[in-house]
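Asker:
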Amino acid sequence: MKKKYLLVPAAGVCALAMMLSMVSASSNNSNSKLISQSFDEMKVTIDKIDKISAVQNQNLASFDTLKVDVEDFVFYKANAQLVAKLKNTEVPSDQYLIDNMLKDKLTAYEAIQQGITVSDEEVQKEIDFQRDVFENQMDLSSPEVQDVYDMMKNRIRITGLSEEEFWKADFVKQGYKDALLEGKLMNSLRGDDRTFETIEDFQKYKEELLTKYKDKVRLNLDVLNNI
Numbered sequence: 021m022k023k024k025y026l027l028v029p030a031a032g033v034c035a036l037a038m039m040l041s042m043v044s045a046s047s048n049n050s051n052s053k054l055i056s057q058s059f060d061e062m063k064v065t066i067d068k069i070d071k072i073s074a075v076q077n078q079n080l081a082s083f084d085t086l087k088v089d090v091e092d093f094v095f096y097k098a099n100a101q102l103v104a105k106l107k108n109t110e111v112p113s114d115q116y117l118i119d120n121m122l123k124d125k126l127t128a129y130e131a132i133q134q135g136i137t138v139s140d141e142e143v144q145k146e147i148d149f150q151r152d153v154f155e156n157q158m159d160l161s162s163p164e165v166q167d168v169y170d171m172m173k174n175r176i177r178i179t180g181l182s183e184e185e186f187w188k189a190d191f192v193k194q195g196y197k198d199a200l201l202e203g204k205l206m207n208s209l210r211g212d213d214r215t216f217e218t219i220e221d222f223q224k225y226k227e228e229l230l231t232k233y234k235d236k237v238r239l240n241l242d243v244l245n246n247i
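Numbering (the numbering used here), first residue to last: 21 to 247.
1. Taking just the CA atoms, how far does L160 sit from L106?
2. Can you tell which of N108, E202, L209 and G135 has its C-alpha closest to the C-alpha of Y127?
3. Go ahead and label E130 buried or exposed: buried means 16 or more other beta carbons lie within 10 angstroms of its beta carbon, across all protein chains shown.
4. Check whether the Cβ atoms of K87 and N79 lie closer than 7 Å to each other.
5. Counting C-beta neighbours from all protein chains within 10 Å, is the total for D124 16 or more, i.e. buried, or is it exposed?
6. What residue range does the beta strand (DSSP E) around K87 cover?
7. For I72 and D170, which I take to be in contact (beta-carbon distance under 8 Å), what is that distance rounded to the nearest angstrom?
8. In or out: G135 buried (at least 16 other Cβ within 10 Å) or exposed?
9. Going by the CB atoms, is the gap between V237 and F93 shorter than 7 Å?
10. DSSP beta-bridge partners for L239?
11. Restricting to Cα atoms, I'd like to know which of I219, E146, L205 and S50 is closest to Q133.
12. Can you tell me whether R210 is helix, strand or coil according to DSSP?
13. Thinking C-alpha only, which one of L102, W187 and A199 is nearest D60?
14. Using only alpha-carbon positions, find the residue among D152, M121 and L239 that is nearest to W187.
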């Protein structure tokens, strides 16, 4: 069975599964320096946010219990910029990135509204599995996988936490919980008629969720002007 590669949301940890599919097959080991530099720049921006009173504790988007804070977005955008450099493509617009973040958040939210739950034990089991993949099972002879490994390694580095502390951090647990909620919701939608079969079907469903909730989401885009 094919191993899953760190299926976690970008806002919380790093969307490495997405990155693995996005990074060009022509990537090579020279990307390690670019990745390290990009994460250094992320840290500078995040540290700056922590010192700006007009940005502290501000949400970029919020609805009910759902929120996207400014640091989440800055990190998400920085990852998108890094992937664009690796692929030599354009960085998507801020609105596109915000919509993608909302789709992920709203999917986890919708799962909860439908009565889907994820236990602490399930979260810990997934974290243990993904940590083992990262530390022991990634095929670093593959340039694409090497890029993903370097991204995760640098993600841990810029937190200032040890690896042990990182994997125990609340934001990591929340990231995996949201990912598991999304996975459970996707499985629940398949149904007996098998009309909901593919990842593309689920992406369409997430678009529908964004349409359903978008007018209820409060946006505070002005906060980005203070960064």
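From the three backbone atoms N, C-alpha and C, an ideal C-beta is built for every residue, glycine too.
Answerer: Reading off the structure:
1. Going from the Cα of L106 to the Cα of L160 covers about 17 Å.
2. Residue identity check: residue 127 is Thr in the sequence provided, not Tyr. Nearest C-alpha to T127: E202.
3. Label assigned to E130: buried.
4. Taking 7 Å as the Cβ cut-off, K87 and N79 qualify as a contacting pair.
5. Burial call: buried.
6. For K87, the uninterrupted beta strand (DSSP E) run begins and ends at L86 to D89, by DSSP.
7. Here I72 is actually not in contact with D170; their C-beta atoms are around 29 Å apart, not less than 8 Å.
8. Its Cβ having fewer than 16 others within 10 Å, G135 is exposed.
9. Not in contact: F93 and V237 (Cβ atoms no closer than 7 Å).
10. DSSP, once it has assigned bridges, lists A81 as partnering L239.
11. Selection I219, E146, L205 and S50 evaluated against Q133 yields L205 as nearest (Cα-Cα).
12. Assigned with DSSP and collapsed to three states, R210 falls in coil, not helix or strand.
13. Checking every option, the nearest Cα to that of D60 belongs to L102.
14. From the listed residues D152, M121 and L239, the smallest Cα separation to W187 is found for D152.
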